[in-house]
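Chemist: In the numbering used here, the protein residues as written are 5 to 517.
Ideal Cβ positions, reconstructed from N, Cα and C, are used throughout, including at glycine.
Take this structure, written in structure tokens, and hold onto it; I'll ask about it next.
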């Protein structure tokens, strides 16, 4: 059946490095999204969502730091104390900030005001973030841990691996252990206050507030209840799922016969019937909304489907399953035209998405908080622009893989370099790995300092209006400041240093004259 898709730009991630701005619309748009468009049943949206995730996940997998509350490098406007050896080592200190990198093995950034620390080991294999109140870490994206300090109940910590997990804390409810699939108990995870299992799927039990569910040979047999909810299943013979005042769902010989009522808490509840795979119907109680789908196949959706909503003037149509989709409404804040896989355009409220083949995407957002414009030609071209409206700040990122990368952050730091070999958008990956093979680097920092490096930092110079520093590994170190002039050849085989009126000549590393 026809189904509204959400723009790939309308996403909320779970990591604190990935979440800054949630979607913001006008009251009108909130009504449209929450009340006037009841969700249509079908498989089109499921397939489309999985396809979009597949195409876009490589773009955002490592780009969390772009939207972090905390920076991952020194960004203050204060003078830098900087030291570097080739591409292997660099250290930078600014007022309230410090960073050290042993490239590519280890990096550490600290920000004193918030006691924030960001560390990596062969990033993205391992990274961690922490303050005085919390810590998160991940290893190979399969093993992860979190710690949180609560003012009322003290500290609790969790470690999750694909099979083994455990947690501990200052209260009994924070302590748990499990070894999947043999036995275990999870507390306050994956949306439940408690989840237990023994020889999964033989026995499973989960709880949330007053809701408790028990399953034997999941998903074959299940019983659950609370004051407002009731669920019973003998799969595939019969199932019912009721949330009083919200929805009622039933099935018989699943997936052949399915029926129920949704949006019971809205002004116009919606009734649906599905006779799989021949047809599926949806009708609102007053007849303002109708949706029909014929020849329904899991993941692919309906071979032909259509729907409309008289209140909003919305119309949707699909043919050849998800290959052709069309939708519009009278307010012109929603529309889609998809000829998959060749072309697609989708608009909803403040967000728009366009794709040409599965490799080109153009995503736009215009809200009270943020205006964004992202263009991707996977994997060769990434162009991302952000304007933070309330702060009146901009940031941009451009990558022509593998030749060139340009980035300007919201604090005004700008960097570009020739050769950037990772086909993803990630400030941390670029910062740690690019110097290993970059031909030319240029940085213009918010504190007025500029830096240039050539041939994997075989030569580096940095300067301000009053200082100049240059380095050739193993050969030359030069520093010119108002207070000091110094140079060393072969780390002191011969050198010279002047500090105010004191002058020294260095010979054979140990002799000073």
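1. Note down, in chain order, each residue of its chain lying with its Cβ closer than 8 Å to the Cβ of residue 251, except the 5 sequence neighbours on either side.
2. Are the beta-carbon atoms belonging to residue 95 and residue 101 less than 8 Å from one another?
3. Count the other CB atoms, across all protein chains shown, that sit within 10 Å of the CB of residue 4; report buried if there are 16 or more and exposed otherwise.
4. Measure the Cβ-Cβ separation of residue 227 and residue 236 and say whether it is below 8 Å.
5. In the DSSP output, which residue or residues are listed as bridge partners for residue 288?
6. DSSP three-state label for residue 415, please.
7. Quick one: measure Cβ to Cβ for residue 412 and residue 399, integer angstroms, because I've assumed they're closer than 8 Å.
8. Going by the DSSP bridge assignment, what does residue 152 pair with across the sheet?
9. Mark residue 56 as exposed unless 16 or more other C-beta atoms lie within 10 angstroms of its C-beta, in which case mark it buried.
10. I'd like to know whether the C-beta atoms of residue 449 and residue 458 end up nearer to each other than 8 Å.
11. Nearest-angstrom Cα distance between residue 17 and residue 382?
12. Is it buried or exposed for residue 221, if we count other Cβ within 10 angstroms and need 16 for buried?
13. To which residues of the same chain is residue 503 closer than 6 Å at the C-beta, ignoring the five residues directly before and after it?
14. Opposite residue 218 in the DSSP bridges: which residues?
15. In angstroms with no decimal places, state the Cα-to-Cα distance between residue 588 and residue 402.
16. By how many angstroms is the C-alpha of residue 200 removed from the C-alpha of residue 151?
17. By Cβ distance, which residues of its chain are closer than 8 Å to residue 454, with the 5 residues on each side in sequence left out?
18. Report the rounded CA-to-CA distance for residue 91 versus residue 430, giving the unit in angstroms.
19. Would you check if the distance between the CB atom of residue 342 and the CB atom of residue 329 is smaller than 8 Å?
20. Would you list the one or two residues that DSSP bridges to residue 320?
21. Express the C-alpha separation of residue 213 and residue 44 in angstroms, rounding to a whole number.
22. CA-CA distance, residue 164 and residue 170?
23. What first and last residue would you give for the alpha helix (DSSP H) that runs through residue 434?
24. What do you get for residue 367, buried or exposed, if any count of 16 or more other CB atoms within 10 angstroms of its CB means buried?
25. Which parts of the region 92 to 143 are runs of the alpha helix (DSSP H), unbroken and 4 residues or longer, counting only runs that do not cross its ends?
26. Do you know offhand how far residue 370's Cα is from residue 379's?
27. Give the DSSP-derived three-state secondary structure of residue 235 in the structure shown.
28. Kindly indicate which three-state DSSP category residue 367 falls into: helix, strand or coil?
29. Taking the straight line between their C-alpha atoms, what separation do you get for residue 438 and residue 423?
30. Among 472, 498, 500, whose alpha-carbon lies nearest the alpha-carbon of residue 84?
31. For residue 399, write down the residues that DSSP places opposite it in a beta bridge.
32. For residue 386, collect the residues of the same chain with a Cβ closer than 6 Å to its Cβ; drop the 5 residues on either side in sequence, then sort them by chain order.
33. So what does residue 381 bridge to, in DSSP terms?
Modeler: The short version:
1. Translated into the one-based positions of the chain shown, residue 251 becomes position 247. Within the same chain, residue 251 has close Cβ partners 245, 264, 265, 266, 267, 268.
2. Counting from 1 along the chain shown, the entry for residue 95 is found at position 91. Counting from 1 along the chain shown, the entry for residue 101 is found at position 97. No, these two residues do not count as a Cβ contact at 8 Å.
3. Any property of residue 4 remains undetermined from this structure, which presents the chain solely from 5 to 517.
4. On the chain shown, position 223 is the one that residue 227 refers to. On the chain shown, position 232 is the one that residue 236 refers to. Against a cut-off of 8 Å, the Cβ pair of residue 236 and residue 227 comes out as a contact.
5. Residue 288 sits at position 284 when you count from the first residue of the chain shown. According to DSSP, residue 288 bridges with 274.
6. As a first step, residue 415 must be located in the chain shown, where it is residue number 411. Coil.
7. Looking up residue 412 in the chain shown gives position 408. Looking up residue 399 in the chain shown gives position 395. About 6 Å separates the two Cβ atoms, so the contact holds.
8. Taking the chain shown and counting its residues from 1, one reaches residue 152 at position 148. Answer by DSSP bridge pairing, in chain order: 138, 160.
9. The residue you call residue 56 lines up with position 52 of the chain shown. Residue confidence for residue 56 is low, a pLDDT of 47 falling below 50, so the modelled location carries little weight; the figure read from the coordinates is stated next. Result: buried.
10. Residue numbering aside, residue 449 sits at position 445 when the chain shown is read from its first letter. Residue numbering aside, residue 458 sits at position 454 when the chain shown is read from its first letter. The answer is no: Cβ separation not under 8 Å.
11. Here residue 17 refers to the residue found at position 13 of the chain shown. Here residue 382 refers to the residue found at position 378 of the chain shown. Residue placement at residue 17 is flagged as unreliable, the pLDDT there being 34, under the threshold of 50; a coordinate-derived value is accordingly withheld.
12. By 1-based counting over the chain shown, the position of residue 221 is 217. Label assigned to residue 221: exposed.
13. Your numbering for residue 503 matches position 499 in the chain shown. Only 488 meet the Cβ criterion.
14. Within the chain shown, the letter at position 214 stands for residue 218. Paired residue(s): 209, 227.
15. Summary: the structure shown does not reach residue 588, with the chain confined to residues 5 through 517, and so no result is reported for it.
16. Walking along the chain shown from the start, residue 151 turns up at place 147. Walking along the chain shown from the start, residue 200 turns up at place 196. So the two alpha carbons sit approximately 22 Å from each other.
17. Taking the chain shown and counting its residues from 1, the one referred to as residue 454 is at position 450. For residue 454, where only same-chain residues beyond five positions count, the Cβ hits under 8 Å are 446, 447, 448, 466, 467, 468.
18. Stepping through the chain shown from its first residue, residue 91 is reached at position 87. Stepping through the chain shown from its first residue, residue 430 is reached at position 426. When rounded, the distance between both Cα atoms is 19 Å.
19. Locating residue 342 in the chain shown gives position 338, where the first residue counts as 1. Locating residue 329 in the chain shown gives position 325, where the first residue counts as 1. In contact: residue 342 and residue 329 (Cβ atoms closer than 8 Å).
20. Here the question's residue 320 lines up with position 316 in the chain shown. Answer is 311, 331, bridged to residue 320.
21. Reading the chain shown from its first residue, position 40 is the one you call residue 44. Reading the chain shown from its first residue, position 209 is the one you call residue 213. Note that residue 44 scores 43 on pLDDT, short of 50, meaning its location in the model is unreliable and no value can be drawn from it.
22. Within the chain shown, the letter at position 160 stands for residue 164. Within the chain shown, the letter at position 166 stands for residue 170. Whole-angstrom Cα-Cα distance: 7 Å.
23. In the chain shown, counting from the first residue as 1, residue 434 sits at position 430. Element bounds for residue 434: 431 to 437.
24. By 1-based counting over the chain shown, the position of residue 367 is 363. When all chains shown are included, residue 367 counts as buried.
25. none
26. On the chain shown, residue 370 is found 366 positions in, with the first residue counted as 1. On the chain shown, residue 379 is found 375 positions in, with the first residue counted as 1. Near 15 Å, if we compare the C-alpha coordinates of residue 379 and residue 370.
27. For the purposes of this step, residue 235 is taken as the residue at position 231 of the chain shown. DSSP places residue 235 in strand when its eight states are reduced to three.
28. Taking the chain shown and counting its residues from 1, one reaches residue 367 at position 363. In this structure, residue 367 counts as strand in the three-state DSSP scheme.
29. As a working note, residue 438 is residue 434 in the chain shown. As a working note, residue 423 is residue 419 in the chain shown. So the alpha carbons of these two residues sit roughly 7 Å apart.
30. One-based indexing of the chain shown puts residue 84 at position 80. It is 472 whose Cα lies nearest to the Cα of residue 84.
31. Taking the first residue of the chain shown as 1, we reach residue 399 at position 395. Looking at the DSSP assignment, residue 399 forms a beta bridge with 390.
32. Start at 1 with the first residue of the chain shown, and residue 386 comes out as number 382. 380, 403, 429, listed in sequence order.
33. Residue 381 sits at position 377 when you count from the first residue of the chain shown. Note: residue 381 sits in a beta bridge opposite 364, 385.
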